[in-house]
Amino acid sequence: MTLLELTDVTAFYGPVQVLDAVSLSVPDGGAVGILGANGAGKTTTLRAISGTVRAGGSIVFDGKDIRGLRPDQVAGLGIAHVPEGRGTLGDLTVRENLRVGAYKRKDRKGIQSDIDYCIDLFPQLKERIKSNASALSGGEQQMLAVGRAIMSKPRLLLLDEASLGLAPSTAKTVYEAIRRLRIESGIAMVVVEQNANLAFTLVDSATVLETGRNVLTGSSAELKGMDEIRRAYLGG
Ligand code: ATP
1 MTLLELTDVT AFYGPVQVLD AVSLSVPDGG AVGILGANGA GKTTTLRAIS
51 GTVRAGGSIV FDGKDIRGLR PDQVAGLGIA HVPEGRGTLG DLTVRENLRV
101 GAYKRKDRKG IQSDIDYCID LFPQLKERIK SNASALSGGE QQMLAVGRAI
151 MSKPRLLLLD EASLGLAPST AKTVYEAIRR LRIESGIAMV VVEQNANLAF
201 TLVDSATVLE TGRNVLTGSS AELKGMDEIR RAYLGG
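FYI, UniProt numbering numbers position 207 of the sequence shown as 207, with every residue one higher than the one before it.
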């Protein structure tokens with residue numbers, strides 16, 4: 001079953017069109033990558049889905065047209081956005097940030113067991129549970145941002161450049177944990193990533209954007225084998 005289907009999505013910042021016609025299909029439980037150079041429209045595509053930028057075209061989630069919904073309405077349907085730059089609340093502790101992610105939930109036991117799960121997934125957060133988010137390293141903040149999204153019990157996770165600014169070994173640790181999350185939870189994912197090697201450890205398929213359009217779409221295995229992908233995104 002298809003969980004999310006974007007068809008010919010358009011978006012503007014003021015008079016400037018940044019998405020020309022973006023299409024994307026995410027199966028339930030699947031993970032799809034969005035690759036592309038700086039400014040190609042990857043972040044804007046995620047914003048169109050989460051309702052933080054106004055979009056044209058069609059965006060269907062779980063059989064429902066969600067285009068034009070407010071961000072809180074989209075979140076309420078089970079779509080969690082982990083933005084570039086992470087967006088954790090610096091003055092709150094790690095535990096408080098995790099609880100913020102669960103603000104719509106009433107199941108206290110479930111919330112506690114999901115906090116435990118986040119800590120199991122990201123053991124570095126355990127010692128930091130009472131620290132303010134602002135005191136965390138970049139990698140820990142990224143882990144917290146993903147943890148906070150998990151706490152909302154999403155059906156679909158939108159991940160924007162989870163590796164940005166992280167040391168390669170930290171980025172790998174973060175992606176390994178997200179991969180484990182994917183396997184254990186079945187949460188579907190749209191993964192924006194500049195580092196295609198990392199993205200391919202997580203996603204089944206991907207699309208490459210160029211100036212707001214899809215220029216290539218295929219399975220991870222197909223894309224990895226293509227010379228132009230290797231040259232542009234895999235470092236040779
Ligand atoms: P990056 O990796 O740099 O974030 P991206 O593929 O995610 O790249 P977008 O962030 O979606 O690209 O940006 C697409 C285009 O829109 C770029 O040309 C960018 O400069 C422009 N843009 C992004 N945000 C705004 C904004 N708030 N106002 C005006 N233009 C914007």
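By construction, the Cβ of each residue, glycine as well, lies at the ideal position given by its N, Cα and C atoms.
Taking the beta carbon of residue i as the centre, do at least 16 other beta carbons fall within 10 Å, making it buried, or is it exposed?
i, result
"residue 236", "Residue confidence for residue 236 is low, a pLDDT of 47 falling below 50, so the modelled location carries little weight; the figure read from the coordinates is stated next. Result: exposed."
"residue 119", "buried"
"residue 42", "buried"
"residue 141", "buried"
"residue 183", "exposed"
"residue 233", "buried"
"residue 86", "buried"
"residue 214", "buried"
"residue 228", "exposed"
"residue 160", "buried"
"residue 97", "buried"
"residue 47", "buried"
"residue 154", "buried"
"residue 177", "buried"
"residue 116", "exposed"
"residue 1", "exposed"
"residue 80", "buried"
"residue 14", "exposed"
"residue 199", "buried"
"residue 133", "buried"
"residue 45", "buried"
"residue 128", "buried"
Is residue i helix, strand or coil by DSSP?
i, result
"residue 125", "helix"
"residue 137", "coil"
"residue 177", "helix"
"residue 1", "coil"
"residue 19", "strand"
"residue 158", "strand"
"residue 92", "coil"
"residue 116", "helix"
"residue 102", "coil"
"residue 169", "helix"
"residue 144", "helix"
Hey, residue i and residue j are a contact pair by Cβ (cut 8 Å); roughly how many whole angstroms apart?
i, j, result
"residue 191", "residue 202", "6 Å"
"residue 35", "residue 208", "5 Å"
"residue 51", "residue 71", "4 Å"
"residue 3", "residue 62", "6 Å"
"residue 26", "residue 188", "5 Å"
"residue 254", "residue 149", "Examination of residue 254 is not possible in this model, given that the chain is present from 1 through 236 alone."
"residue 18", "residue 212", "5 Å"
"residue 9", "residue 57", "4 Å"
"residue 125", "residue 94", "6 Å"
* Asked: In the segment 179 to 232, which residue ranges form an unbroken beta strand (DSSP E) of at least 3 residues, counting only runs that do not cross its ends?
  -> 188 to 192, 205 to 210, 213 to 219
* **alpha helix (DSSP H) runs wholly inside the segment 27 to 90, at least 4 long, in chain order** => 42 to 50, 71 to 76
* **Residues proximal to ligand 1 by C-beta, any heavy atom closer than 5 Å** => 13, 18, 38, 39, 40, 41, 42, 43, 44
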